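Protein sequences, first through last, are from chains A and B.
Position 78 of the first sequence, counting from 1, maps to 78 under my numbering, and the rest follow consecutively.
In my numbering, each number is its position in the second sequence, counted from 1, plus 1000.
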Amino acid sequence: MLILSSITKAFGGLQVLQNINLAIPEQRIFGLIGPNGAGKTTLFNITTGLLAPTSGNIEFFGHSLTGLAPHQIVRLGIARTFQNIRIFKDMSVIENVMVAMVRQARYSALRVLVPPALLGAQCVERSEARSLLARVGLAAKAGILAGSLSYGEQRRLEIARALATRPKFLLLDEPTAGMNGTEKHQLMEDILKMAESGLSLLIIEHDMRFIMGICQEIAVLNFGQLIAQGTPEAIRANPEVVEAYLGNESDGVIMFAK
Amino acid sequence: MEWLETFWATYSTLVLSVGTNVLLALSIYLTLACGLLTVANAAFMGIGAYAAALLSLHGSLPFYLSLTLGALLPAMVAAMLGPPTLRLSGVYLAMATLAFGEIVRITLLNTENLTGGALGLNGIPQYTRWFDVFAIVVGALYVLVRFAGSRIGRTMIAIRQDEVATELMGHNVRAYKLYAFTLGAGLAGLAGGLNAHFTFFISPNEYGFDRGVEILAMGVLGGTGSPWGAVIGGILITLLPELLRSLGDYRPLLNGVILILIILYSPNGIWDLKRLIRSRHPVPVS
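Laid out in structure tokens, this is it:
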């Protein structure tokens, strides 16, 4: 259970998030939508510790995340991907995944100095990394440089890398950006499979067909405020949401009048 | 064996310099590998050299003990200097560490009672023997090569490529940087202690800006992808002036040309030449 209580974020005089209250249940696929600049990624950045909220508190399975460093939050079980892909381009695909295996084979700096121990641990990591890559359909590309993957493949590698931290919650920031129809469909299936295996997902996405198709619940942000929350059907029918995305008639009149 | 004796009589200082310079190159490799541009290593070397030399001169401590303390002191200084300065990156970090280096040099110059000021320290006992240097270089290299091949090395490369992403993979990036900086300072101090105990004489200006840039050149020239790159860089920067001795006044010129060529054609250092050649014949990677 991830609970955000009265989260507010201001950059100087700009109120980016205003009093956000959101409870994200376990083993669900939860969608977060809203027009550009609504504060969705800021909310992700606050949840993962990259930004400190101006006020408010986040609770994750009873732990308060306030004041924790990003790496500590990851170790509690929240992993994420990025809107602008941030894979390690000069490393091989499998090494990208292995970098994120902080919870597995935790051996000390001193044990690294003993050759055989090192080899044993590496094999365990490698095989787990391989199975993670297989889950996102990249097993055949394990050895190539991550930078030479296609855009869609890099997005899937980011997901595999996030999974390598063994998260309870996975935050995906626009996972379908730059993907073609087939890739989107494949990703949809992958996400459903992850949810089945007990992972909770929080997804920011602009592709409405995608988000309506897989989410059980959706929250809508507009200008830093939560304007709606509910099932995809309810969100689709909500007049405020439609207005946030398309504007209302009087807006249109003003625009044309100018 | 006679030729060996003549060789040693002529070149012993050079051989020992290669060893200590390799240590210095390894010390800067540690921070460069994490993407940190620090130029304080010359100062750490100076702290180590003065500490070890003073302990030998006035404390009459056993050589290995003063050498150890000469490595620990700069490491401790780095552990205190690290938290505020390592928040910086890029040229700002370079500036801050450069300033620290000047502070150390000026302090050494002005604490005449202890360090002898500009006159330096004279008559340091020549305890350093070739196998001391050899053993320490091999030991340091072993540790760093092991690190590089493990998840520690992988994390360092990840930090260099994308700090934020590495942090969000659950790594304490700040701690990694501090460890690298501290360990590097210890190695530089060790090099300083070894160096002081065979050159007989040390003075503050040996540990100034020029030395800092020289150490940086070794790291960059060799390449930061592997500790072996640092070894190559350290050896080359030490030997190049000797090999070019016949050129007389043109020596610095050619020295510079060689550096520029390497940086132009193999920006990741000489170590990367191997990869450059290999990439023309793609090999399957398992």
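Beta carbons: idealized from backbone N, C-alpha and C, even for Gly.
Please read all numbers here as calculations on a predicted model, not as lab measurements.
Where residue i meets chain A, residues with beta-carbon distance less than 8 Å
| i | result |
| --- | --- |
| B:Val1143 | Leu113 |
Among the options, the one whose alpha carbon lies nearest that of residue i
| i | options | result |
| --- | --- | --- |
| A:Leu17 | A:Pro25, A:Glu233 and A:Thr8 | A:Thr8 |
| B:Ile1103 | B:Gly1090, B:Leu1081, B:Tyr1092 and B:Leu1119 | B:Leu1081 |
| B:His1197 | B:Leu1216, B:Ala1148, B:Gly1070 and B:Arg1251 | B:Gly1070 |
| A:Glu224 | A:Ile33, A:Arg28 and A:Gln27 | Per the sequence shown, residue 224 of chain A should be read as Gly rather than Glu. The option with the nearest alpha carbon to A:Gly224 is A:Ile33. |
| A:Ala52 | A:Asp173, A:Gly39, A:Val102 and A:Thr66 | A:Thr66 |
| B:Ile1270 | B:Ser1017, B:Asp1249 and B:Gly1223 | B:Gly1223 |
| B:Arg1151 | A:Ile29, A:Ile20, A:Leu221 and A:Met91 | A:Met91 |
| B:Gly1189 | B:Met1001, B:Leu1004 and B:Asn1021 | B:Asn1021 |
| B:Gly1139 | B:Leu1023, B:Ser1012 and B:Glu1002 | B:Leu1023 |
| A:Thr54 | A:Phe61, A:Leu43, A:His63 and A:Lys141 | A:Leu43 |
| A:Met1 | A:Gly37, A:Ile20 and A:Glu59 | A:Glu59 |
| B:Ala1075 | B:Ile1258, B:Gln1126, B:Gly1212 and B:Phe1181 | B:Phe1181 |
| B:Ser1226 | B:Thr1085, B:Ile1263 and B:Ala1148 | B:Ala1148 |
| B:Leu1261 | B:Asp1249, B:Val1220, B:Thr1006 and B:Glu1242 | B:Val1220 |
| B:Gln1126 | B:Asn1255, B:Ile1202 and B:Tyr1265 | B:Ile1202 |
| A:Ala234 | A:Ala142, A:Arg155 and A:Glu217 | A:Glu217 |
| A:Arg155 | A:Gln27, A:Glu26, A:Ala129 and A:Asn84 | A:Asn84 |
| A:Ser131 | A:Leu157, A:Leu149 and A:Leu113 | A:Leu157 |
| B:Cys1034 | B:Met1095, B:Val1213, B:Leu1253 and B:Gln1161 | B:Gln1161 |
| A:Gln104 | B:His1171, B:Leu1244, B:Leu1187 and B:Leu1243 | B:His1171 |
Interface partners of residue i on chain B, CB under 9 Å
| i | result |
| --- | --- |
| A:Leu50 | Val1164, Glu1167 and Leu1168 |
| A:Met262 | With chain A running from 1 to 258 in the structure shown, residue 262 of chain A is simply not present. |
Three-state class that DSSP yields for residue i in the structure shown
| i | result |
| --- | --- |
| A:Gly77 | coil |
| B:Phe1201 | coil |
| B:Leu1081 | helix |
| A:His63 | strand |
| B:Trp1003 | helix |
| A:Val253 | Annotation note: pLDDT 46 at A:Val253 (below 50); position unreliable, coordinate value reported separately. In this structure, A:Val253 counts as helix in the three-state DSSP scheme. |
| A:Leu172 | strand |
| A:Ser55 | strand |
| B:Gly1120 | coil |
| A:Ile7 | strand |
| A:Phe82 | coil |
| A:Val16 | strand |
| A:Ser92 | strand |
| A:Gly137 | coil |
| A:Val102 | coil |
| A:Leu113 | coil |
| A:Gly247 | coil |
| B:Val1283 | Confidence in B:Val1283 is poor, its pLDDT being 44 and thus under 50, which makes the residue's placement too unreliable to answer from. |
| A:Ile227 | strand |
| A:Gly34 | coil |
| A:Ala219 | strand |
| B:Leu1264 | helix |
| B:Ile1157 | helix |
| A:Leu2 | strand |
| A:Leu50 | coil |
| A:Leu68 | coil |
| B:Asn1172 | coil |
| A:Asn338 | Summary: the structure shown does not reach residue 338 of chain A, with chain A confined to residues 1 through 258, and so no result is reported for it. |
| B:Ile1103 | helix |
Contacts that residue i makes with chain D (C-beta to C-beta distance below 8 Å)
| i | result |
| --- | --- |
| A:Met91 | No chain D is present in this structure, whose protein chains are A and B. |
Amino acids of chain A, ordered along the chain, whose beta-carbon sits closer than 7 Å to that of residue i
| i | result |
| --- | --- |
| B:His1171 | His71 and Val102 |
Check: residue i C-beta below 6 Å from any heavy atom of the ligand SAH
| i | result |
| --- | --- |
| B:Gly1222 | Of ligands this structure carries none, so the ligand SAH is not represented either. |
Proximal chain B residues relative to residue i, where beta-carbon distance stays under 7 Å
| i | result |
| --- | --- |
| A:Glu95 | Arg1154 |
| A:Thr165 | Met1169 and Gly1170 |
| A:Val74 | Leu1168, Met1169 and Gly1170 |
Per-residue contacts from residue i into chain B (C-beta, under 8 Å)
| i | result |
| --- | --- |
| A:Arg86 | Asp1162, Val1164 and Ala1165 |
| A:Arg80 | Leu1168 |
| A:Arg161 | Met1169 |
Checklist entry - With a cut-off of 8 Å, do at least 3 Cβ pairs link the segment 87-106 of chain A to the segment 183-193 of chain A? => result no
Checklist entry - Counting Cβ pairs closer than 8 Å, one from the segment 134-144 of chain A and one from the segment 53-71 of chain A, do we hit at least three? => result no
Next on the checklist: Please give me, in chain order, every unbroken run of the beta strand (DSSP E) with length at least 3 that falls completely inside the segment 188-217 of chain A.
Outcome noted: 200-204
Next on the checklist: Pairs of beta-carbons, one from the segment 1044-1055 of chain B and one from the segment 1104-1121 of chain B, closer than 8 Å: are there three or more?
Outcome noted: yes
Item to check | Entirely enclosed alpha helix (DSSP H) segments - the segment 1180-1247 of chain B, minimum 4 residues | outcome: 1209-1222 and 1227-1243
Checklist entry - Which parts of the segment 1004-1090 of chain B are runs of the alpha helix (DSSP H), unbroken and 4 residues or longer, counting only runs that do not cross its ends? => result The qualifying runs are 1041-1057 and 1063-1085.
Item to check | At least 3 beta-carbon pairs within less than 8 Å: the segment 1049-1063 of chain B vs the segment 1108-1125 of chain B | outcome: yes
Checklist entry - For the segment 1126-1144 of chain B against the segment 1022-1037 of chain B, are there 3 or more C-beta pairs whose distance is under 8 Å? => result yes
Checklist entry - Which whole runs of the alpha helix (DSSP H) in the segment 140-186 of chain A are 4 residues long or more, in chain order? => result 151-163
Next on the checklist: Using a Cβ distance threshold of 8 Å, determine whether the segment 78-90 of chain A contacts the segment 171-178 of chain A, with at least three qualifying pairs required.
Outcome noted: yes
Next on the checklist: With a threshold of 8 Å, are at least 3 pairs of Cβ atoms found where one atom belongs to the segment 215-232 of chain A and the other to the segment 10-29 of chain A?
Outcome noted: yes
Checklist entry - Counting pairs of beta carbons, one from the segment 1055-1062 of chain B and one from the segment 1228-1240 of chain B, are three or more of them closer than 8 Å? => result no
Next on the checklist: With three or more C-beta pairs closer than 8 Å as the rule, is the segment 151-171 of chain A touching the segment 189-206 of chain A?
Outcome noted: yes
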